[in-house]
Each structure stands twice: as structure tokens, then as C-alpha cells.
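These notes are about the structure you will find just below.
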Amino acid sequence: SGEDPILNLGRIMFQEAWMMATRVYLFMGLCGANSLDAREVKVQKVFMRRLGGVKSRRHPDSFLVLSIAFLGVATTCPVDRTALLTRLWGVSECSRPGTVGNDLIRMLSDIRAQTTARSAVWADVRSACLRITGM
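To convert, note that position 65 of the sequence shown is 65 in my numbering; the numbers rise steadily by one, no gaps.
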């Protein structure tokens, strides 16, 4: 059909990333699961595997910012957390202070700092939002 296969892969990754982000919210936000819940761990591992298959560039990563932020809350492995933050820092909107993307990075870092001795829960997102943005 003449469509770019790379573009198609990006579209599929975008759709799957949102599906996984929705699952994180469903399990953590609505069901009260923490980041060590088996369902969360499974979703997060699949996301990291798929994200590893997409080359880090401005266009795919800029569309994945919110999905990465959602999955970042459920991520417990330090290597995976660093990989997600690295992807976010590569997006110009995230590296500029005063932008939503930068606030998301700061919120993920705040959640990580607040949950060193325990697993993250969805309420940590609200607390981090209050500390970072004041809202």
C-alpha cells in the first residue's frame, strides 16, 4: 500500500503504549495495586521490551511521553527507571524547565525518592504533583 513500515511500527508502539499505560492506571489507580503487583510487573516488562525495539528519536519519544510517565510510576528496576528517564530527557519539551514534560520528569524523580523503602502506589502521583507543581 506504499506506507512506510517504520511509521507503521511507530503507530503500533503508540497504541500499545497507551494500552499498557491504561492497564497501569487500572491496576494502580482503580484497583489499589502497588508497583510490585504481578500484573504491574508484567505490563512494565512488556513495555520495556517493546520500547527497546523502538529507536530513541524525537518523534516516537514525543508521542510516548505520557505513556512513559505512567509506566514510570510502576517501574521498580533501577536500570529500567534510568532508561525511561533517559528517553524523556531526550525529548526537547521535557528538557526545558517550566514545561509539562519537565514537570513529569521531576514528578517521576520525586516518586522515586519518596518510595526508596517501599513500592509506589497511585497516591504517590498525587503527592508528587502537589510537591512539584503546587496543584
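C-beta atoms are modelled at their ideal positions from N, C-alpha and C, and glycine is treated no differently.
- Taking each of F47, S109, C31 in turn and checking the Cα distance to T82, the smallest one comes out for S109.
- With contacts defined by Cβ atoms closer than 7 Å, A120 and S67 do not form a contacting pair.
- Annotated as distal: A128 and L104, with beta-carbon spacing of 7 Å or more.
- Secondary structure at A123: helix, using DSSP grouped into helix, strand and coil.
- Rounded to whole angstroms, the gap between the alpha carbons of W89 and S95 is 5 Å.
- Leaving aside the five residues that flank T99 on each side, the residues in its chain whose CB is nearer than 6 Å to its CB run, in chain order, E93.
- Cβ-Cβ distances below 7 Å link E40 to V24, F27, M28, A33, A74 in the same chain, with the five nearest sequence neighbours on each side left out; the list follows chain order.
- Exposed is the label assigned to M19, since fewer than 16 other Cβ atoms lie within 10 Å of its Cβ.
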